[in-house]
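Undergrad: Per the numbering used here, the very first residue in the sequence shown carries number 628; after that it's consecutive.
The C-beta atom is built at its ideal place from N, Cα and C for all residues, glycine as well.
Since we're looking at a predicted model, the values are computed, not measured.
Structure incoming, see below.
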Amino acid sequence: MTEILVIGGGYGGITAAKALDDVADVTLVEPREVFVHNVAALRAVADPDWAERIFLPYDRLLSRGRVVRDRAVRVTAAGADLASGAHLDADVIILATGSAMPFPVKPEPHDRDRLAATHRALSDAGHVLLLGAGAVGIEFAGEIKAAWPAVEVTIADPAPDILGGRFPDEFRASVREQLAALGVRLLLGTGAGQAPAADLTFACYGASVDSSYLGDDLAAARQPDGRLAVTPQLRLPGHERVFAIGDLTAVPELKQARLAQAHAEVVAANVRALLAGGPLADYTPAPDAIVLPLGPKGGASYAPEVGVLGPAETAGIKATMFIESYEEMLGLARG
Ligand SMILES: Cc1cc2nc3c(=O)[nH]c(=O)nc-3n(C[C@H](O)[C@H](O)[C@H](O)COP(=O)(O)OP(=O)(O)OC[C@H]3O[C@@H](n4cnc5c(N)ncnc54)[C@H](O)[C@@H]3O)c2cc1C
Numbered sequence: 628m629t630e631i632l633v634i635g636g637g638y639g640g641i642t643a644a645k646a647l648d649d650v651a652d653v654t655l656v657e658p659r660e661v662f663v664h665n666v667a668a669l670r671a672v673a674d675p676d677w678a679e680r681i682f683l684p685y686d687r688l689l690s691r692g693r694v695v696r697d698r699a700v701r702v703t704a705a706g707a708d709l710a711s712g713a714h715l716d717a718d719v720i721i722l723a724t725g726s727a728m729p730f731p732v733k734p735e736p737h738d739r740d741r742l743a744a745t746h747r748a749l750s751d752a753g754h755v756l757l758l759g760a761g762a763v764g765i766e767f768a769g770e771i772k773a774a775w776p777a778v779e780v781t782i783a784d785p786a787p788d789i790l791g792g793r794f795p796d797e798f799r800a801s802v803r804e805q806l807a808a809l810g811v812r813l814l815l816g817t818g819a820g821q822a823p824a825a826d827l828t829f830a831c832y833g834a835s836v837d838s839s840y841l842g843d844d845l846a847a848a849r850q851p852d853g854r855l856a857v858t859p860q861l862r863l864p865g866h867e868r869v870f871a872i873g874d875l876t877a878v879p880e881l882k883q884a885r886l887a888q889a890h891a892e893v894v895a896a897n898v899r900a901l902l903a904g905g906p907l908a909d910y911t912p913a914p915d916a917i918v919l920p921l922g923p924k925g926g927a928s929y930a931p932e933v934g935v936l937g938p939a940e941t942a943g944i945k946a947t948m949f950i951e952s953y954e955e956m957l958g959l960a961r962g
């Protein structure tokens, strides 16, 4: 039986591991004891009902394979050394170690008490400063204003406009109008040092990628920012059986969970093709699209195929923060 090692159990890793569970011996290596649904992390800060729901157990993800709670410290084309001292051999490796952002944007399972403490601190705050006018800072502003309308919220960013990405002006205008209506102060062209003091400040920028675990045989794929160059089949250049997916990759597109999952689907199909001796498929980078909530009732969305959607449609799309699909993937669906 082919041994497949998936390193990292975020959105991409769980999708790839599950999709290959029936054709190979899959081992998913993940240091966290539970999957973190970080798409809903900012809602979990504002709404304590969500704070427990974003942590989902891995136990029922795989029927045949296994989830090993450990961290890969050195990965080569032949296998992985783990922090515990164990070593796992592999025929195929899928790297899916993602990216990190400061608390509370990408919280860890051990951050539960900190989430509750941040909720309490926000309840007592007069003025909150969010550094970064990208999707994260804007989404956080919406969550804070929905839960605590009287709290003064400022977003500061050295950039001249909100949101990176290739979005139409109509989309940015809708977001700016809604922020203004919520009373969020937007300070563009303003670095952290020039922003006014606040009771609480949160860094909402700067995803970091750690790929320092790559062995010498794989390290050539590392880019200066830690992300990995991949071929159109999502393999590391020069390696037939080592794939990389999700935020870890240098694929030229937005870094999103849905895209990490799209990579995982292509890689799962490519691994099946490798096993069957068939041709591999290419991944086509996705055009920029986003569903950006501003609290449970607002927000804006854009996708090239549908154009710009307003607050009601956006709130509808994100009403449950897509949690059902992860509960289902992890074997936790109710009923
Ligand atoms: C607030 C917020 C809201 C977002 N909302 C959306 C949204 O609505 N839609 C959307 O599509 N995207 C959204 N995103 C982006 C999305 O969260 C990321 O694109 C996604 O997490 C990437 O998935 P991934 O599988 O590549 O990596 P991650 O989810 O980062 O998972 C990586 C996993 O690898 C593990 N790991 C790390 N190092 C090692 C190691 N050495 N050994 C073993 N395991 C390791 C980590 O513990 C982690 O579990 C949002 C992001 C934020 C911050």
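1. Alpha carbon to alpha carbon, what distance is there between residue 921 and residue 806?
2. Given this structure, state the Cα-to-Cα distance separating residue 799 from residue 650, to the nearest angstrom.
3. Taking DSSP's pairing of strands, which residues face residue 929 in a bridge?
4. Thinking C-beta only, is residue 855 closer than 8 Å to residue 647?
5. Does the beta-carbon of residue 776, which I'm using as the reference point, lie nearer than 7 Å to any heavy atom of ligand 1?
6. Measure the CB-CB distance between residue 698 and residue 717 and report whether it falls below 8 Å.
7. Thinking residue 731 and residue 781 are a contact (beta carbons under 8 Å), I'd like their distance in whole angstroms, please.
8. What is the residue span of the beta strand (DSSP E) that residue 695 lies within?
9. Does the distance between the C-beta of residue 821 and the nearest non-hydrogen atom of ligand 1 fall short of 7 Å?
10. Can you tell me which of the three DSSP states residue 729 falls into?
11. Within its chain, find whatever has a CB closer than 6 Å to the CB of residue 930; leave out the 5 residues flanking it on each side and keep chain order.
12. What are the boundary residues of the alpha helix (DSSP H) that includes residue 823?
13. Pick out whichever of 750, 859, 747 and 785 has its Cα sitting closest to the Cα of residue 814.
14. Could you name the residues of the same chain whose beta carbon sits closer than 7 Å to that of residue 937, not counting the 5 residues immediately before and after it, in chain order?
15. If you check the beta carbons only, do residue 758 and residue 832 fall under 8 Å apart?
16. Between the Cα of residue 660 and those of 680, 684 and 724, spot the shortest distance and give me the residue it belongs to.
17. Answer yes or no: do residue 703 and residue 845 have a C-beta to C-beta separation smaller than 8 Å?
18. What does a CB cutoff of less than 8 Å around residue 734 pick up in its chain, not counting 5 residues either side in sequence?
TA: By the coordinates alone:
1. 8 Å
2. 45 Å
3. 917 and 935
4. no
5. no
6. no
7. Wrong, their Cβ atoms sit about 18 Å apart, outside the cutoff.
8. 693-695
9. no
10. coil
11. 916
12. It is not in any alpha helix (DSSP H) - residue 823 carries neither H nor E in the DSSP assignment.
13. 785
14. 801 and 927
15. yes
16. 684
17. yes
18. 663, 665, 668, 671, 681, 741 and 742
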